[in-house]
Amino acid sequence: MNSYQALSERHQQEINAFPMKWGFGDEQIAQGMRELGLDPTDTEQVIGIGAGGFIRKSDKQAFINMLKRHRAERESAKAVDVDGTGYIYEMFDYELANHEYVYTQRLDETLGALGMTIEEIYADARLTRGLKDAIRNQKDALDGE
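Every number in my numbering is 127 more than the matching position in the sequence shown, counting from 1.
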């Protein structure tokens with residue numbers, strides 16, 4: 128498992144363990160609130176986090192801190208990759224494969240998943256090298272099939 132995948136999986140485990148629920152109707156929202164230890168009528172004690180998700184207001188800062196820490200850990204991993212052949216390459220290679228780049232030849236889904244723009248990548252030689260090497264690897268893997 129590469130370092131990007133390991134970090135992503137650890138972050139996903141932390142998110143999965145965080146006390147948050149999703150509800151798309153009154154019954155699901157009420158059930159989620161009960162699972163958070165709240166009475167379903169205590170709607171003022173929860174806040175939405177998007178896409179139907181909600182958390183207790185009392186957990187808001189912990190949620191924000193977790194997301195900020197995740198971002199800082201990803202940025203730190205990119206920062207220590209001085210030439211784009213480590214974490215950065217692994218990041219692009221994993222996400223290109225995950226979004227089936229070799230079949231679609233489109234970067235938009237990969238870049239969207241990474242929260243990056245092509246301009247941002249071309250402005251940083253490390254990112255450019257990592258992306259180009261990962262694209263080459265994906266194409267080589269397809270040719271080897």
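A virtual CB, placed ideally from N, CA and C, is assigned to each residue, including glycine.
Asked                                                                                                                                               : Found
In chain order, what residues of the same chain lie with their CB nearer than 7 Å to the CB of Glu222, ignoring the 5 residues before and after it? : Thr237, Ala240 and Leu241
Comparing C-alpha positions only, which one of Asp235, Ile142 and Asp210 sits nearest to His197?                                                    : Ile142
Work out the CA separation of Phe219 and Gly179 for me, nearest whole Å.                                                                            : 29 Å
In its own chain, which residues sit with a C-beta less than 8 Å from the C-beta of Val173, not counting the 5 before and 5 after it?               : Met160, Leu163, Leu165, Phe181, Ile182, Arg183 and Lys184
Using DSSP bridges, identify the partner residues of Ile245.                                                                                        : None, per the DSSP bridge assignment.
My output table needs one value for Arg233: the three-state DSSP class, helix, strand or coil.                                                      : coil
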